[in-house]
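Engineer: Attaching a single structure in structure tokens format; questions to follow.
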Amino acid sequence: MCTACVISIIKPHPSATFHLLAASYRRMMKRIIILCCILLHSGLVFCQQLSKADYLQDLQYLKDTLPKRHINLFAKISKADFDKNITAIASRLANRDYETFTAELFKLTVAIGDEHTHIEPVFTKAAPIRFNKFAEGIYVTATDTTNTDVLLYQLTGVNGHPINEVISRFKEIIQSGNQSFFDSRFLHFINNPAILKGLQITNSTDETTFDLIAPDGKTVKRTIKSVTGEDAVNLPLIEVKNKLLSQKGKGNYWYSYDAESGTLYFNYNNCQEQDGHPFSAFNDELFDAIDKNKPRRLVVDLRYNGGGNSAVLGPFIERIKQSYLNSKGKLFVLIGKQTFSSALMNAVDFKRDTHATLVGEPTSGSVNHYGEVRGFRLPHTKIVIGYSTRYWENWKGHNGPLMPDAAITYSVKNYANGIDEAMVYADKAR
């Protein structure tokens, strides 16, 4: 699932019924997204003028609506505890503001315990800085042009709050039973001024002070002003220049062949068709490259894929099953803390139906999970509530994240030097 969408959906494996419904749904989604974009500006202005009664009405609407829409809301939380959570949120609305209300709703989703049931607030600001987690800690991996001197500095706190305290507060709003799930979302939201304010880590959404340590051990406090944007993912930031292969290409899918190592690398970043380059055409190109170059091994990278439509990759998986590359030591699938939803389903297909070796970190998503998300909008705050409409038992008896066959630990030193430990493992495997 792509949580950046206004209303998200997990697409199932192909079937006659699915293909008939999918076209209709896509047309409906286009209309909904256009409408949401029209409402966005008015929602941003209006949310600053909300009263306590408005928040309480939204809370009541959520309480009445979510149990009716969700396929099984009370799978991990009792109705009594759900109601208690709603009551507790209402009691804490004395010091009301949009950011605090948003944090409270995030806490509710943690209590519900369904990784696909989530909230999509209206965010308008982002701190132009991105972080990644390595064995040594959390480090700056991208910034705006005015802060590039802190690239590869270690994050030790936010606004004077030590990093362990910050992580503890984020665990109130992000499920932490699956470390990969928590890490991926923590890294996505640590630069979000609204969430930081809602968790009372900062007092303003206009700027954020990050506590950092330079490679030479010097401590630095860097105050970064917020810029307009929903999140920092899509901001045009300056990234660490490390020449990692995984950062070489752009788009939903692309490949690269290295004749020296004999490795054909296939990066699959998004379970969606790419505009102007349908996957069917790309798939033919990819297998033409296999036929021409006869690579020693094929690496499929799903580490940065958050989902979409699991059926898109189906034709590739079916063809690779018949290939000489479908054998131990020749086929590798990279998974990690961002591998979620439909990408996870694809990884399960590789694990179950091919001789692929899974390399990397545990997936963000659970093998069996509630999903196929729909959404409704709260009337006053305009926050979208995404809820699950189907239970996916992708592999009976396999609970929790999909685990790698070969676990990889990533080092910031290797990252800085363009060394990808997962690719090193694949290249050396026999």
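Each residue of the sequence shown is one higher than the last, beginning at 4 in the working numbering. Each residue gets a CB set at the ideal place from its N, CA and C atoms; glycine is no exception. Remember, predicted model here, so these are calculated numbers, not experimental data.
Taking 7 Å as the cut-off, is the C-beta of ASP61 nearer than that to any heavy atom in the ligand ATP?
Structural biologist: Ligands in the displayed structure: none, and consequently the ligand ATP is not present.
Engineer: Compare the Cα-Cα distances from LEU59 to each of ILE92, LEU305, PHE77 and report the closest residue.
Structural biologist: The candidate whose alpha carbon is nearest that of LEU59 is ILE92.
Engineer: Do you know whose CA, among LYS385, SER367, TYR390, GLY363, lies nearest VAL376's CA?
Structural biologist: Here the closest residue by C-alpha is TYR390.
Engineer: Apart from the five residues just before and just after PHE192, which ones in its own chain have a Cβ nearer than 6 Å to its Cβ?
Structural biologist: Taken in chain order, the residues that qualify are ILE198.
Engineer: First and last residue of the beta strand (DSSP E) that includes ALA145?
Structural biologist: 140-146 is the span of the beta strand (DSSP E), which, as asked, contains ALA145.
Engineer: Which same chain residues, not among the five before or five after THR226, have their C-beta less than 6 Å away from its C-beta?
Structural biologist: Excluding sequence neighbours, THR226 sits near GLU210, THR212.
Engineer: Using the Cα positions of GLU288 and VAL143, report the straight-line distance between them to the nearest angstrom.
Structural biologist: About 36 Å.
Engineer: Whose C-beta lies closer than 7 Å to the C-beta of LYS110 among residues of the same chain, with five residues either side of it excluded?
Structural biologist: Closer than 7 Å at Cβ, skipping near neighbours: GLU175, ILE176.
Engineer: Using 8 Å as the threshold, is the C-beta distance between LEU76 and ILE122 below it?
Structural biologist: Cβ distance not < 8 Å, so LEU76 and ILE122 don't count as in contact.
Engineer: For the pair the stretch 406-416 and the stretch 92-101, tell me if three or more CB-CB distances fall below 8 Å.
Structural biologist: At 8 Å Cβ cutoff, the stretches do not touch.
Engineer: Which of helix, strand or coil does DSSP assign to ASP430?
Structural biologist: Note: ASP430 maps to helix in three-state DSSP.
Engineer: Per the DSSP calculation, ARG439 is bridged to which residue(s)?
Structural biologist: Residue coverage of the chain in this structure runs from 4 to 433, which leaves residue 439 outside it and unanswerable.
Engineer: Checking the sheet assignment: what are the DSSP bridge partners for SER344?
Structural biologist: None; SER344 has no bridge partner.
Engineer: Starting from ILE293 and walking both ways along the alpha helix (DSSP H), at which residues does that stretch end?
Structural biologist: Element bounds for ILE293: 282-296.
Engineer: To which residues of the same chain is PHE353 closer than 6 Å at the C-beta, ignoring the five residues directly before and after it?
Structural biologist: Only VAL336, ALA359 meet the Cβ criterion.
Engineer: Per DSSP, LEU270 forms a beta bridge with which residues?
Structural biologist: It is worth fixing the name first, because residue 270 is Asn in this sequence and not Leu. TRP257, ASP304.
Engineer: Determine the direct distance from the alpha carbon of ASN195 to that of ILE89, and round the result to whole angstroms.
Structural biologist: Rounded to whole angstroms, ILE89 to ASN195 spans 25 Å at the Cα level.
Engineer: According to the neighbour-count rule (16 or more other Cβ atoms, all chains shown, within 10 Å of its Cβ), is ARG355 buried or exposed?
Structural biologist: Exposed: under 16 other Cβ atoms inside 10 Å.
Engineer: Taking contact to mean at least 3 C-beta pairs separated by less than 8 Å, is the stretch 306-324 in contact with the stretch 339-353?
Structural biologist: Touching, per the Cβ criterion.
Engineer: Taking one C-beta from the stretch 398-408 and one from the stretch 218-237 each time, how about it: are there three or more such pairs within less than 8 Å?
Structural biologist: Contact fails: fewer than three Cβ-Cβ distances are below 8 Å.
Engineer: Out of PHE137, ASN286, LEU53, which one is the CA nearest neighbour of LEU155?
Structural biologist: Checking every option, the nearest Cα to that of LEU155 belongs to PHE137.
Engineer: Reducing DSSP to helix, strand and coil, say where ILE80 ends up.
Structural biologist: In this structure, ILE80 counts as coil in the three-state DSSP scheme.
Engineer: Report, in whole angstroms, the separation of the C-beta atoms of LYS333 and ARG300, which I expect to be a contact under 8 Å.
Structural biologist: Confirmed, Cβ separation roughly 5 Å.
Engineer: At which residues does the beta strand (DSSP E) containing ASP214 begin and terminate?
Structural biologist: That run of the beta strand (DSSP E) goes 210-216.
Engineer: Rounding to the nearest angstrom, what Cα-Cα distance links LEU215 and THR222 in this structure?
Structural biologist: Roughly 6 Å separates the two Cα atoms.
Engineer: Cα separation between PHE185 and GLN275?
Structural biologist: Going from the Cα of PHE185 to the Cα of GLN275 covers about 24 Å.
Engineer: Which of helix, strand or coil does DSSP assign to GLN63?
Structural biologist: If DSSP states are grouped into helix, strand and coil, GLN63 belongs with the helices.
Engineer: Going by DSSP, name the residue or residues bridged to GLU321.
Structural biologist: Partner(s): none; GLU321 has no beta bridge.
Engineer: So, with DSSP's three-state summary, where would you put LEU328?
Structural biologist: Three-state result, LEU328: coil.
Engineer: Compare the beta carbon distance of ILE170 and ASN150 with 8 Å and say whether it is the shorter of the two.
Structural biologist: No, these two residues do not count as a Cβ contact at 8 Å.
Engineer: Can you give me the C-alpha to C-alpha distance between MET426 and GLY232, rounded to a whole angstrom?
Structural biologist: For MET426 and GLY232, the distance between alpha carbons rounds to 34 Å.
Engineer: Starting from the C-beta of GLN63, find all residues in its chain whose C-beta is less than 6 Å away, skip the five residues before and the five after it, and write them out in chain order.
Structural biologist: Cβ neighbours of GLN63 beyond the five flanking positions: none.
Engineer: Comparing C-alpha positions only, which one of LEU267, GLY140, THR112, ASN273 sits nearest to LEU65?
Structural biologist: That would be THR112, whose Cα lies nearest to the Cα of LEU65.
Engineer: Where does the unbroken alpha helix (DSSP H) through LYS224 begin, and where does it stop?
Structural biologist: No alpha helix (DSSP H) holds LYS224; the beta strand (DSSP E) holding it covers 222-228.
Engineer: Would a C-beta distance cut-off of 8 Å place ASP117 and ALA78 closer than the cut-off?
Structural biologist: Cβ distance < 8 Å, so ASP117 and ALA78 count as in contact.
Engineer: Looking at the structure shown, is GLY389 part of a helix, part of a strand, or coil, going by DSSP?
Structural biologist: Three-state DSSP puts GLY389 in a strand.
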